[in-house]
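Okay, so here's the structure we're looking at.
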Amino acid sequence: KAGVTQTPRYLIKTRGQQVTLSCSPISGHRSVSWYQQTPGQGLQFLFEYFSETQRNKGNFPGRFSGRQFSNSRSEMNVSTLELGDSALYLCASSSGATAGSPLHFGNGTRLTVT
Amino acid sequence: EDQVTQSPEALRLQEGESSSLNCSYTVSGLRGLFWYRQDPGKGPEFLFTLYSAGEEKEKERLKATLTKKESFLHITAPKPEDSATYLCAVQVGRAGTALIFGKGTTLSVSS
Numbered sequence: 696k697a698g699v700t701q702t703p704r705y706l707i708k709t710r711g712q713q714v715t716l717s718c719s720p721i722s723g724h725r726s727v728s729w730y731q732q733t734p735g736q737g738l739q740f741l742f743e744y745f746s747e748t749q750r751n752k753g754n755f756p757g758r759f760s761g762r763q764f765s766n767s768r769s770e771m772n773v774s775t776l777e778l779g780d781s782a783l784y785l786c787a788s789s790s791g792a793t794a795g796s797p798l799h800f801g802n803g804t805r806l807t808v809t
Numbered sequence: 285e286d287q288v289t290q291s292p293e294a295l296r297l298q299e300g301e302s303s304s305l306n307c308s309y310t311v312s313g314l315r316g317l318f319w320y321r322q323d324p325g326k327g328p329e330f331l332f333t334l335y336s337a338g339e340e341k342e343k344e345r346l347k348a349t350l351t352k353k354e355s356f357l358h359i360t361a362p363k364p365e366d367s368a369t370y371l372c373a374v375q376v377g378r379a380g381t382a383l384i385f386g387k388g389t390t391l392s393v394s395s
């Protein structure tokens, strides 16, 4: 079974630009979550989508947004990039059917903002 | 505020030297506690889910246990390939799969 696929693997952007990251979940998984990982803050939850609806949202500014398509694929968008947005962005998929359903992570997109 | 704290931040072991990693949590409505392993340049890899105090799970040289306030990841006779960052996370009392992660313990095992 193919794992979670994230594209691109690396991105370099300039302050003020916007960026879109893509995630293809494990086949059959309806829940897709996004996390930001930095050395200082560790892994922090951004948002979760389930069946095309945002189910949960973390404490990030409105510049961070996402969506999920009918085939469960998801995209995350960051507008007006700031230097502090440099991080590893991880996507995770889950069946989401029961409490404690494990999340399966992709290898992330490394975003560098200059 | 829900919080997860892992200790130590870093741990160096000799091959075969058993030890334990700690994850303490302060949360309301624990739905599950998760352990992940993360290798450099990769996403976290799922290891275990624990649901209630007293529960234990094992996989090869790893054993995870859970109490009402903390979880331990015991590593028995580690090998160099066990070197990685081990992350603990909790899922709390709301719908969905959102996890609160600790900052991890980086384990180095030398031969």
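Heads up: the protein sequence lines correspond to chains A and B, in order. Converting from the first sequence to our numbering requires adding 695 to each position, the first position being numbered 1. Converting from the second sequence to our numbering requires adding 284 to each position, the first position being numbered 1. Every residue, glycine too, gets a C-beta built ideally from N, C-alpha and C.
What is the rounded straight-line gap between the Cα of GLU339 of chain B and the Cα of VAL376 of chain B?
For the purposes of this step, residue 339 of chain B is taken as residue 55 along the second sequence, with counting starting at 1. For the purposes of this step, residue 376 of chain B is taken as residue 92 along the second sequence, with counting starting at 1. Those two C-alpha atoms are separated by around 18 Å.
Starting from PRO324 of chain B, find everything on chain A with Cβ-Cβ shorter than 8 Å and list it in chain order.
What you label residue 324 of chain B is simply residue 40 of the second sequence in a count that begins at 1. Simply none; closest approach about 11 Å.
Is the beta carbon of THR702 of chain A sitting closer than 9 Å to the one on THR804 of chain A?
By 1-based counting over the first sequence, the position of residue 702 of chain A is 7. By 1-based counting over the first sequence, the position of residue 804 of chain A is 109. Closer than 9 Å, so yes.
Could you name each continuous beta strand (DSSP E) segment of 3 residues or more that falls completely within the segment 717–754 of chain A, going from the start of the chain to the end?
Listed in chain order, the complete beta strand (DSSP E) runs (minimum 3 residues) inside the segment 717–754 of chain A are 726–733, 737–745, 748–752.
THR289 of chain B lies in the beta strand (DSSP E); which residues open and close that run?
Along the second sequence, read from residue 1 onward, the residue named residue 289 of chain B stands at position 5. Taken as a continuous stretch (DSSP letters only), the beta strand (DSSP E) holding THR289 of chain B covers 287–291.
DSSP three-state call for LEU778 of chain A: helix, strand or coil?
Position 83 of the first sequence, counted from the start, is the residue given in the question as residue 778 of chain A. Of the three classes helix, strand and coil, the one that applies to LEU778 of chain A here is helix, per DSSP.
Could you check the C-alpha separation between VAL311 of chain B and ILE359 of chain B for me, to the nearest Å?
Your numbering for residue 311 of chain B matches position 27 in the second sequence. Your numbering for residue 359 of chain B matches position 75 in the second sequence. So the alpha carbons of these two residues sit roughly 26 Å apart.
Would you be able to state if there are at least three C-beta pairs under 8 Å between the segment 719–727 of chain A and the segment 785–797 of chain A?
These segments touch.
Tell me, to the nearest whole angstrom, how far the beta carbon of PHE418 of chain B is from that of LYS341 of chain B; I am working on the premise that it is less than 8 Å.
With chain B running from 285 to 395 in the structure shown, residue 418 of chain B is simply not present.
Tell me whether the segment 792–801 of chain A and the segment 739–750 of chain A touch, counting them as touching only if at least three CB pairs, one residue from each stretch, are closer than 8 Å.
No, the segment 792–801 of chain A is not in contact with the segment 739–750 of chain A.
Can you grab the Cα-Cα spacing for the pair VAL288 of chain B / GLY801 of chain A, in whole Å?
By one-based count along the second sequence, residue 288 of chain B stands at place 4. By one-based count along the first sequence, residue 801 of chain A stands at place 106. Between VAL288 of chain B and GLY801 of chain A, the C-alpha separation is close to 23 Å.
Do PHE385 of chain B and LEU738 of chain A have their beta-carbon atoms positioned less than 9 Å apart in this structure?
Taking the first sequence and counting its residues from 1, one reaches residue 738 of chain A at position 43. Taking the second sequence and counting its residues from 1, one reaches residue 385 of chain B at position 101. Yes; because the gap between Cβ atoms is below 9 Å, this pair is in contact.
Quick one: list the residues of chain B neighbouring GLY801 of chain A, beta-carbon separation under 8 Å, in chain order.
Taking the first residue of the first sequence as 1, we reach residue 801 of chain A at position 106. Chain B residues near GLY801 of chain A: GLY327.
What in chain B is Cβ-close to GLU743 of chain A, meaning under 9 Å?
Numbered from its first residue, the first sequence carries residue 743 of chain A at position 48. Going along chain B in sequence order, the residues near GLU743 of chain A (Cβ under 9 Å) are GLY380, THR381, ALA382.
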